[in-house]
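Residue 1 is where the sequence shown starts when you use the UniProt record's numbering, and the numbers rise one by one after that. Structure first, commentary second.
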Amino acid sequence: MAGKHVAVLMGGWVNERPVSLSSGKECAAALEEAGYRVTRIDVDRDISAVLKALKPDVVFNALHGPFGEDGCIQGILEVLEIPYTHSGVMASALAMNKIKAKAVMAAAGVKVTEHLTVNRFEIGKEHPMKPPYVIKPINEGSSFGVLIVKEDNLYPPQELTSEEWRYPDVLMCERYIAGRELTCAVVGDKALGIIDIIPTGPGFYDYDAKYAKGGSKHILPAKLSPIVYQEVQTLALKAHQALGCRGVSRADFRLDEREDGSYELICLEVNTQPGMTPTSLVPEIAAHEGISFQDLVSWMVEDASCCR
C-alpha cells in the first residue's frame with residue numbers, strides 16, 4: 001500500500017554486515033520507487049528504542065547472520081508488535097542452527113548428510129569422520145568459517161586451534177558431497193526456479209564466490225532432468241514448510257550424479273534471510289519467473305505480520 005512507512009533494517013555488527021548493507025540499500029531504493037515511505041536503519045544495540053520511537057508500519061528485515069536471522073530481532077519485533085518480513089522467531093532460530101534444522105528436515109523426509117557436533121579443541125590429530133568432510137560453524141552464514149577437509153589430508157585443519165579463530169568453539173562436521181551446487185527459492189507457498197551455481201575460481205562457493213562480481217556463474221534454469229528439477233522444488237518447499245518458514249527462503253542442495261545414472265540429492269540448509277544484493281540468487285530467480293525486484297520486495301512488505 002503506497003504511503004506505508006517501512007523501516008529497513010540493515011548492517012548490524014556481525015560478519016555479514018557488508019552484505020546486509022548492500023541488501024538493505026537495494027531493498028530501500030526499490031520500496032521508495034514503489035511508493036512506500038522508507039526509513040533506513042543501520043542496526044545497533046539500541047534498535048528496540050529506535051523502533052519504539054519511530055513507530056513504523058512494517059519492518060523490512062535485511063539483516064543477515066546472527067541476531068538478524070536467528071530469532072533475536074524477530075523476538076524484539078514481536079514484543080514491539082511491529083509486523084515484519086521473512087520468517088518468525090521459531091523458524092528463524094531453527095533454520096539458523098544447522099544441527100537442529102537437519103533434524104527437522106530429515107523428519108519431514110528431506111535427505112540431509114551424515115553429521116556430528118564437534119568441539120574445535122577436542123578434534124586434535126584424529127579426523128572426527130573419514131575424509132572428505134566439511135567443518136562449519138553451526139550458526140553462521142555466507143560460508144564464514146567453512147573448512148573443507150580433503151581425502152589426502154592427514155590431520156584435521158590446524159586453523160581450528162589457532163588463537164585467530166573468530167567463530168564459536170562448537171562446530172558441525174558433515175560428510176562432503178561432491179557434485180553440483182543447486183539453490184531453489186521459495187516465495188510464499190510456491191517453489192520457484194533452480195540455479196546451478198558454478199564458482200569461477202579454484203575454490204568452493206565461498207564468500208567471494210557469493211558476493212564478488214563475477215565470483216560465480218549462474219545457470220538458470222539449471223540443466224536438470226525434469227524428474228530431478230521437480231524433486232529439488234518439492235524438497236525446497238517441504239523444507240521451508242517443515243521449518244515453519246514464512247515469506248521468502250532459499251534452500252541449498254548438492255547433487256552428486258554418478259556414471260550409472262543414479263544420483264544423490266542432499267539439502268544442505270535453508271536460508272531464511274536470503275541476500276538481496278545485485279549478485280544475489282533469489283532476486284535473479286524471481287526475475288526469471290517474471291517477478292521484478294520492486295514487485296518482490298513490495299510483496300514481502302504486504303505479506304509482513306507478527307506471530308509468524
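Idealized CB from N, CA, C, for every residue including glycine.
Under a three-way DSSP split, which group does residue i fall into?
i    : result
P283 : helix
Y167 : coil
F253 : strand
C307 : coil
V89  : helix
T39  : strand
E69  : coil
V19  : helix
I227 : helix
H5   : strand
V14  : coil
E26  : helix
F60  : strand
L154 : coil
I148 : strand
Identify the residues that DSSP records as bridge partners of residue i: which are they?
i    : result
K217 : I198
P137 : L171
L116 : C173
K55  : Beta-bridge pairing links K55 to no other residue.
K190 : V187
L235 : DSSP output for L235 lists no bridge partner at all.
E33  : Bridge partners of E33: none, in fact.
L265 : L255
E181 : I197 and R254
V248 : V187
Tell me the rounded alpha-carbon separation between residue i and residue j.
i           : j    : result
R180        : D256 : 6 Å
residue 339 : E284 : The structure shown does not extend to residue 339, since the chain is modelled only from 1 to 308, so the question has no answer here.
M90         : R246 : 11 Å
I195        : I219 : 5 Å
P56         : E231 : 40 Å
S292        : G275 : 16 Å
E151        : H240 : 33 Å
V146        : Q158 : 13 Å
E302        : V186 : 16 Å
P156        : V270 : 27 Å
V6          : R258 : 49 Å
L237        : T117 : 27 Å
D208        : S280 : Residue placement at D208 is flagged as unreliable, the pLDDT there being 48, under the threshold of 50; the coordinate-derived value follows with that caveat. The straight-line gap from Cα to Cα measures roughly 12 Å.
A222        : E289 : 14 Å
Y167        : W13  : 14 Å
I177        : A304 : 36 Å
Y84         : F60  : 6 Å
L54         : K4   : 13 Å
Skipping 5 residues on each side, what residues in its chain have a beta carbon closer than 8 Å to that of residue i?
i    : result
E32  : V38
T234 : A191
Y205 : Note that Y205 scores 47 on pLDDT, short of 50, meaning its location in the model is unreliable; the coordinates nonetheless yield the value given after this. Same-chain partners within the cutoff: S143, E181, I197, P199 and S216.
I76  : I47, S48 and L51
V228 : L255, Y263 and L265
Taking the CB atoms as reference points, tell me whether residue i and residue j lie closer together than 9 Å.
i    : j    : result
I73  : V58  : no
I99  : L160 : no
M10  : D46  : no
V134 : E174 : yes
A242 : V104 : yes
A251 : C184 : yes
L80  : N119 : no
L268 : T113 : yes
Grab me the residues of residue i's own chain with a C-beta within less than 7 Å of its C-beta, minus the 5 sequence neighbours each way, in chain order.
i    : result
A28  : V8, V38 and R40
T272 : E69, H86, S87, A91, S92, A95, C245 and S249
R308 : S87, G88 and R246
T277 : V19, S22, S23, E26 and Y211
Q294 : A30, E33 and A34
Below 6 Å CB to CB, which residues in the same chain sit around residue i once its five sequence neighbours on both sides are set aside?
i    : result
L296 : A286
Are the C-beta atoms of residue i and some chain D residue less than 9 Å apart?
i    : result
R254 : The structure shown has no chain D; it contains just one protein chain.
With hydrogens ignored, establish whether the beta-carbon of residue i is closer than 8 Å to any heavy atom of the ligand PLP.
i    : result
N139 : This structure lacks the ligand PLP, and indeed carries no ligand of any kind.
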